[in-house]
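There are 4 protein chains.
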Amino acid sequence: MSGNTLGTLFTVTTAGESHGPALVAIVDGCPPGLPLSSEDLQRDLDRRKPGTSRHTTQRQEADEVEILSGVFEGVTTGCPIGLLIRNTDQKSKDYSAIKDLFRPAHADYTYHHKYGLRDYRGGGRSSARETAMRVAAGAIAKKYLAAQGIQVRGYMSQLGPIEIPFKSWDGVNDNAFFSPDPDKIPELEAYMDQLRRDQDSVGAKITVVADGVPPGLGEPIFDRLDAELAYALMSINAVKGVEIGAGFASVAQRGTEHRDELTPEGFVSNQAGGVLGGISSGQPIVASLALKPTSSITTPGRSIDVNGESVDVITKGRHDPCVGIRATPIAEAMMALVLMDHLLRHRSQNADVKVTTPVLGQL
Amino acid sequence: MSGNTLGTLFTVTTAGESHGPALVAIVDGCPPGLPLSSEDLQRDLDRRKPGTSRHTTQRQEADEVEILSGVFEGVTTGCPIGLLIRNTDQKSKDYSAIKDLFRPAHADYTYHHKYGLRDYRGGGRSSARETAMRVAAGAIAKKYLAAQGIQVRGYMSQLGPIEIPFKSWDGVNDNAFFSPDPDKIPELEAYMDQLRRDQDSVGAKITVVADGVPPGLGEPIFDRLDAELAYALMSINAVKGVEIGAGFASVAQRGTEHRDELTPEGFVSNQAGGVLGGISSGQPIVASLALKPTSSITTPGRSIDVNGESVDVITKGRHDPCVGIRATPIAEAMMALVLMDHLLRHRSQNADVKVTTPVLGQL
Amino acid sequence: MSGNTLGTLFTVTTAGESHGPALVAIVDGCPPGLPLSSEDLQRDLDRRKPGTSRHTTQRQEADEVEILSGVFEGVTTGCPIGLLIRNTDQKSKDYSAIKDLFRPAHADYTYHHKYGLRDYRGGGRSSARETAMRVAAGAIAKKYLAAQGIQVRGYMSQLGPIEIPFKSWDGVNDNAFFSPDPDKIPELEAYMDQLRRDQDSVGAKITVVADGVPPGLGEPIFDRLDAELAYALMSINAVKGVEIGAGFASVAQRGTEHRDELTPEGFVSNQAGGVLGGISSGQPIVASLALKPTSSITTPGRSIDVNGESVDVITKGRHDPCVGIRATPIAEAMMALVLMDHLLRHRSQNADVKVTTPVLGQL
Amino acid sequence: MSGNTLGTLFTVTTAGESHGPALVAIVDGCPPGLPLSSEDLQRDLDRRKPGTSRHTTQRQEADEVEILSGVFEGVTTGCPIGLLIRNTDQKSKDYSAIKDLFRPAHADYTYHHKYGLRDYRGGGRSSARETAMRVAAGAIAKKYLAAQGIQVRGYMSQLGPIEIPFKSWDGVNDNAFFSPDPDKIPELEAYMDQLRRDQDSVGAKITVVADGVPPGLGEPIFDRLDAELAYALMSINAVKGVEIGAGFASVAQRGTEHRDELTPEGFVSNQAGGVLGGISSGQPIVASLALKPTSSITTPGRSIDVNGESVDVITKGRHDPCVGIRATPIAEAMMALVLMDHLLRHRSQNADVKVTTPVLGQL
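Residue numbers (the UniProt record's numbering), protein chains in the order written: chain A, 1 to 363; chain B, 1 to 363; chain C, 1 to 363; chain D, 1 to 363.
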């Protein structure tokens, strides 16, 4: 299949460009009987929405979603759910400055070589604007998962050089950074303000956690839960790395340190990040992703034009100095979509399985 | 589809357990006319084969592959290629010691909960033995890619705490570690010898590079080349993290540092690892993966049995003290399979595209 | 994947119910550079549109399609094409009469058992209204295929007991029945008028032909071209049978009669319908489909309600006395979508194939 | 995906040519805990096996299947099941006579144009020999379905001009034709004997019935149960047509005649063939398929060679005068595979659905 569909049983297909008339998505495979309204989707859309603080782009988008199908009398019918978000703030600015050149670290050059032409307005399809539909679709998965006792939450674990150790979920959604430590916020604010003065951008690290996931999700040996999470999280704009549990720290670990021992009371640690052999263990699923610094910065850079001639690129327009700041709801959505798909996949083959062995939690 | 098929157009489906009669694979979608013999596959199989040095498991497997179909008069026919590897060294040892308990950090617990029963002999399907077929299938992709001027090579970039900076491709295949720096080998040998005395295991980091990849491979916005690489590499046993290009280092980078500027002579750097917007840029594709320490170690550990009762686990048998040592050919195979699949996918939709803009290499 | 996506590389995903706010579709995998406007889609939509003659339902739907994405400056970009059709004529009639009972030969009973609830307004998702999006998507495929010299056309080959032998393509689109023989039209008109007086409905047979299809399309041994055509055509509402070439007539044929002999000038016959071994031969692709009589008729019928109690069903509302009358554009669309998908699939694997053997036409 | 995999959740991937070393298949997605041995597969393989009567090819193949994986201690583990059948009777005859020409009505011409080369020995991949693996895989589905109370059975409903009305299931497997009427057998024998004297071949019609299928199987609007059956049955060699229920007879039917009315005691008829709106109704699933006459006949025919020159084709070797005679077990297997896949698909999305409305049988 072409590249704009995610999932096997719970599938999300999206379309739409940054400055086209609208974004659209079709969510197929949602179980019937789930109470659903556009408000359920709007909540997460508003968390991702630009222009909510001085640390994100000032582009104004209401991101109002309309449910076109698949919901009847307030509940899902089991038929595909059509979603529509009209683009409202498409500045009719002149793009002639960039239409024939390639902005460094953007997809301009690769889209040009792949398709021979491209919608250069605001990055077209390659714009992070597209992630609005991921969040909308993810909200459907989140609501279904919540009814199964599964909660997917994320936070910023690092902004540029500043590490943000997890303190508590309280207040994560009450600050512009999704920081799990309120005391860190002034430092983050100061860093961002300096960054703007430097006319530069910076990367970030996001951590997503799913609690309440039952053991058994994941389809080895290729469609492992961790492999599908890596795929889904890496598919987010600007992501350059994905870790499950200890991730790259496990390179320097000893086996005696990494292995999560089991006791009748539960697992004694969670280096695995909740996945063993590609299947969920019943522990929290923990994944982290690295986002690169925003490519659009006002400091001029060298590049070439479509004729291969040398040019200087000066990026104007409205951009996030750190794309990672708005990435938390997107990362949550992607994890929720993967878990939803695998919940359905696991059910299909193993509906008859009965296990008497107690399910372990984490100590 | 169920989880044992990889790819969309160039598909690899595998089956087989560690101690079953055989491993089998079907490679579908290989273009016709490719000269192919079992020797082409054997070369990489021998690189992955156990028992070739004192630093890997002493299990003896010839890993002789038989081509069952899809090749006629020495060339591929375009029909599916069946591959068979008989398991020869299945020690008829007594598994009663582990059949009813879960080895920490293994898939025993999760397979038990997912399927309700499991083939406990040597880990059954969850054993790294399965990766032999990945290597065999990957060798087919490698041979086709090579004819297109695409070369996929890997090396060990870190063993436990020891970083191994890349020096040269020469000799990478001449040492047990796939070290790109021959001078490092004594240090690696000494570390491994001490590790065995400690009855412990350790993790490793592998880096894979593809040279000669044309721009255009990758199908946004989900089936990005980097997303599919993350999926394929994370699906390898024991992998806990995947990076593209700068990876997690990009978190602390500034935009001015990360963005790879373009000049008529080429890209000035490759922080992106050869992928922009999910599409290959023409630069080398660079991916790294983190492998956790081997779970099977002779130091006893705490666990539970199928009744939830506390037990002590003493792992016996023949195991790799560092699974990463044999992982390089596997990682190469997975990258080759993803590139092969995307070469075919890119062709299908964009066969008519003509681009006059020169393709940039890397400075 | 869930059931609302068609195709492997050129995919069409649709959503929308008969009386919901809108129908929506996402067409993914369309090659870039194809000139496309909503007018290109409207032409076929108008051919399918209800209310254009007294022999079809009087429901009034403009079926105006909006292109939401994937087209920039008049040509396709290679990114997914979003399509939207608002439902305008949703009679706010009272459905309480049918909400709790099952209309015979409709999907009411099966949707109820599958999903536990259903959108009963006008059949919801099971309504033929959904086929509007098939026609819109098919028009994109038709336009691309036409540029390759491939033309997909259909006609009505039988209405109830009246067989309509093919005379000529001229005028097929100038009559309400898509009759290939203008002289038959009065007989068809008279039959339909009597049918309405009888308060009954009738079946029909449609034949679709693709000219100019090159040899090589189709992916044995499962995804044969004829198998995929059977799937796509059988997926149209009310279709109960599909034939390729001689179809069921081949049961009574002798081998000497059925086999299409080859001469340097071309094939001497086309019993095969243009497909040999599941691959196109270069001859015209010929497929026929049987459509059952409309289930909604005003003659009362026996049924049960959701409690299993006996009820009498009297269907009201606006219905086609013969669904086959409007089916020709739908059948053309489905064949075009399958050919388009297989054109891309064939390319991907066999781009390097060179054949010197001349391509045969048909004598 | 490439064309040699069938199914979405219960997938069957096959490889192997008529005269290659072996046929191989991987069945993925089989639920764990199903008792399975090679004997379960051998039963149906023997029903399809050639050389069991004078009315089929005299090629001798033991068709002995080996289970390579996915079964442990007599039951399935949920891991993929590898199947192997060695080809034993590959006559080392000289194929030079046909290697450079195209046998009429065979896949020679189309494989040549698609792939540029082909394994010409006995038709290579396009040979019906491949169907042995369909039967083996289908036997696994049949055994699982049987445990759910679902029984899939087929019979020959027409041989050339001779219609065979269904009398009873008794004895269907006791005659070479799978005739449901023992009294017809002498007539069938006489017809076949004359056919051989005429050096000709003939077509046949097979009907397959599934009893005990619960309502709800099928995934509209594309992956309808009837659409997937049409795909699977049309993918069998030599099949030119597929019908569900009344099939092409419904063209001339009136709505009052076709609609299957419902009563509290059950459906009063089954014109629909057990599928409404693409979903099983709980009635028997009834499908018929048309098989063309064998293409290989000893009566010479006109054709061309790879240079486009005119040639005469005289087919030698061992062939079935009516491929339909051995097709019944194959058709059963394909229906079983589709039902199995849809049973898993239905479960996944609708596991929570509770319906109190009684399930109707057929009167």
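Using N, Cα and C, we set each Cβ at its ideal position, and we do this for glycine too.
Candidates the options, of which the one nearest residue i by Cα
{"i": "R118/C", "options": "A147/A, E73/A and A136/A", "result": "E73/A"}
{"i": "V353/A", "options": "Q362/D, W169/D, S280/D and G33/D", "result": "G33/D"}
{"i": "R103/B", "options": "I330/A, T256/A, Q151/A and Q158/A", "result": "T256/A"}
{"i": "Q283/A", "options": "A105/B, T56/B, S126/B and L41/B", "result": "A105/B"}
{"i": "A246/C", "options": "A238/C, H258/C and I236/C", "result": "H258/C"}
{"i": "L337/C", "options": "T11/C, K316/C and S2/C", "result": "T11/C"}
{"i": "P180/D", "options": "L188/D, D170/D, E187/D and E189/D", "result": "D170/D"}
{"i": "E309/C", "options": "P80/D, Q42/D, L360/D and M234/D", "result": "L360/D"}
{"i": "P300/A", "options": "K142/A, S201/A, N173/A and P182/A", "result": "S201/A"}
{"i": "Q151/A", "options": "G116/A, V323/A and I285/A", "result": "I285/A"}
8 Å Cβ cutoff met for residue i and residue j
{"i": "H346/B", "j": "K114/A", "result": "yes"}
{"i": "G278/D", "j": "D226/D", "result": "yes"}
{"i": "L339/B", "j": "L145/B", "result": "yes"}
{"i": "L84/A", "j": "L101/A", "result": "no"}
{"i": "A252/B", "j": "G160/A", "result": "yes"}
{"i": "T5/C", "j": "D341/C", "result": "no"}
{"i": "V213/B", "j": "S157/B", "result": "no"}
{"i": "Y109/B", "j": "L262/A", "result": "yes"}
{"i": "V306/A", "j": "T357/B", "result": "yes"}
{"i": "G123/D", "j": "M334/D", "result": "no"}
{"i": "A107/C", "j": "V208/C", "result": "no"}
{"i": "G29/D", "j": "Q349/A", "result": "yes"}
is_contact[residue i, chain B] using C-beta, thresh 8 Å
{"i": "H113/A", "result": "yes"}
{"i": "P31/C", "result": "yes"}
{"i": "L9/C", "result": "yes"}
{"i": "G78/C", "result": "yes"}
{"i": "D341/D", "result": "no"}
{"i": "A336/A", "result": "no"}
{"i": "S96/D", "result": "no"}
{"i": "V75/D", "result": "yes"}
Cβ separation of residue i and residue j, assumed to be a contact under 8 Å, to the nearest whole Å
{"i": "T328/D", "j": "G51/D", "result": "T328/D to G51/D, Cβ: 17 Å. No contact."}
{"i": "residue 391/B", "j": "G78/B", "result": "Past the edges of chain B, shown from 1 to 363, lies residue 391/B, and the structure says nothing about it."}
{"i": "A230/A", "j": "V242/B", "result": "6 Å"}
Contact with chain A by residue i, beta-carbon distance below 8 Å
{"i": "R134/C", "result": "no"}
{"i": "Q42/D", "result": "no"}
{"i": "A15/C", "result": "yes"}
{"i": "L344/D", "result": "yes"}
Residue i beta carbon near the ligand NAD (any heavy atom closer than 7 Å)
{"i": "P161/D", "result": "This structure lacks the ligand NAD, and indeed carries no ligand of any kind."}
Cutoff 8 Å: residue i Cβ touching any chain D Cβ
{"i": "R347/A", "result": "yes"}
{"i": "D320/C", "result": "no"}
Interface flag, residue i vs chain C, CB-CB below 8 Å
{"i": "R121/D", "result": "no"}
{"i": "A351/B", "result": "yes"}
{"i": "I26/A", "result": "yes"}
{"i": "S18/A", "result": "no"}
Are three or more beta carbon pairs between the region 267 to 275 of chain A and the region 260 to 280 of chain B nearer than 8 Å?
no
Touching or not, the region 119 to 130 of chain C and the region 215 to 223 of chain D, by the rule of three or more beta carbon pairs under 8 Å?
yes
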